[in-house]
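Colleague: Here you go, one structure.
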Amino acid sequence: MKHLKVGSLMTDNVVAAVPDTSFREVAKLLTEHDISGVPVIDDDDHVVGVVSESDLPAHGQPTARELMSAPAITVYAEERAADAARLMVRRGVERLPVVDEEERLVGIVTRRDLLRVFLRPDPEIRRRVREDVLADALGLGADAVDVHVLDGVVTLEGRVRRQGQARTLVGLADRVDGVVAVVDRLSVDEAAARLASPARSAHDLP
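Numbering (our numbering) for the sequence shown: 14 to 219.
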């Protein structure tokens, strides 16, 4: 299944500070670029912290080194946008510095950028679950399980042959871009499960 990556949503023209950037210069960056925070990078472009509006003091002239929150919460450009969005919500931040494989700053992704992932229409999410998960990934008919979607919440209802199949289905549905939660109302066809189990030999009997 294809997923939106952070790199496809990020802004690569990044406004950043260095540890010695003064309080006044940081405030100027935030104001001039109308942003709520800036990453702080070292000489090798590694992100060492983040300064947000709430970190700015009412008085004094500290540097970015003293103001920043560290260690910085970052994401990789190749990460799924949906995973980055969940991280952002969990950590209560508005923006995430994006880094490459060598941990160097390559971009910024904001809550607004990531919200686009979760604005996918419910019919489109339902289609993706039916086609990408049921048909392509699990080899089941698109109608093998009832798929209902409301405000990004997917409800799966129906019978599957094995418990493991149900777990896989729920896990894959949860990873579809735009899904915010999955409600599992699946049941296992016990008769089919027994038929699928290998026959017990005399050595298996107590």
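All C-beta atoms in this analysis are idealised placements derived from N, C-alpha and C, irrespective of residue type, glycine included.
#1: Going straight from the alpha carbon of A212 to that of V201, what length do you get?
#2: Within 10 angstroms of its Cβ, does G191 collect 16 or more other Cβ (buried), or is it exposed?
#3: Enumerated in chain order, which unbroken segments of the beta strand (DSSP E) with a length of 3 residues or greater are wholly contained in the segment 49–121?
#4: Nearest to E115 by alpha carbon, out of F131, L100, A90, V19?
#5: Shortest alpha-carbon distance to V166 belongs to which of D156, P136, R125, G152?
#6: How far does the beta strand (DSSP E) with A194 in it reach, from first residue to last?
#7: Let me confirm a value: L182 is counted as buried when at least 16 other C-beta atoms fall within 10 Å, else exposed. Which label applies?
#8: Within the same chain, show all residues whose beta-carbon is closer than 8 angstroms to that of H216, passing over the 5 residues directly before and after it, in chain order.
Modeller: Taking the geometry as given:
#1: At A212, the pLDDT of 47 sits below 50, so the modelled position is not reliable; the number obtained from the coordinates is stated separately. Rounded to the nearest whole angstrom, the CA to CA distance from A212 to V201 is 19 angstroms.
#2: buried
#3: The segment 49–121 contains, as complete beta strand (DSSP E) runs of 3+ residues, the segments 50–54, 60–65, 108–112 (chain order).
#4: A90
#5: P136
#6: 194–201
#7: By the 10 Å Cβ count, L182 comes out buried.
#8: In this prediction, H216 scores a pLDDT of 44, lower than 50, which makes its location untrustworthy; the coordinate-derived value is nonetheless stated afterwards. Cβ neighbours of H216 beyond the five flanking positions: none.
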